[in-house]
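Take a look at the structure below.
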Amino acid sequence: MKKKKIRIKLRSYDHSLLDKSVERIIKYVMTTGAEIKGPIPLPTQTKIYTVLRSPHVHKKSREQFKLSSHIRFLEICNAGPNTVNLLMKLELASGVEIEIKI
1 MKKKKIRIKL RSYDHSLLDK SVERIIKYVM TTGAEIKGPI PLPTQTKIYT
51 VLRSPHVHKK SREQFKLSSH IRFLEICNAG PNTVNLLMKL ELASGVEIEI
101 KI
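For the sequence shown, UniProt numbering puts the final residue at 102, and the numbers step up evenly by one.
Written as structure tokens, this is what we have:
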């Protein structure tokens, strides 16, 4: 099988959980002998939601909630079939979204 380049994008609301997942992926991929470039921290995406504090009056009284999405990018070079199989079987924490492109 031809050696491949795999791109992994991890996204989470909790940056510490995200960093632990990245370290775990790096540890497992290094056992297969593939090269890893990264983790590259991409810009944090922030969404701010503004809601009224009172349902009836006091329009000027508002409350803001902030939701930050942290993103990390990994690139795996010289990935063999063992690396691909390992990534397919890998289980991460429930708060981490993973996107793999081969």
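Don't be surprised by glycine CBs; every beta carbon is placed ideally from N, CA and C.
- The C-alpha of T32 is placed about 31 angstroms away from the C-alpha of T44.
- A check of alpha carbon separations from V29 across Y13, Y49, K47 and I8 identifies I8 as the nearest.
- Per DSSP, reduced to three states, the secondary structure at H70 is strand.
- V51 is the residue among V51, K66 and T83 whose C-alpha sits nearest the C-alpha of K59.
- Distance from the CA of R24 to the CA of L86, rounded to the nearest whole angstrom, comes to 12 angstroms.
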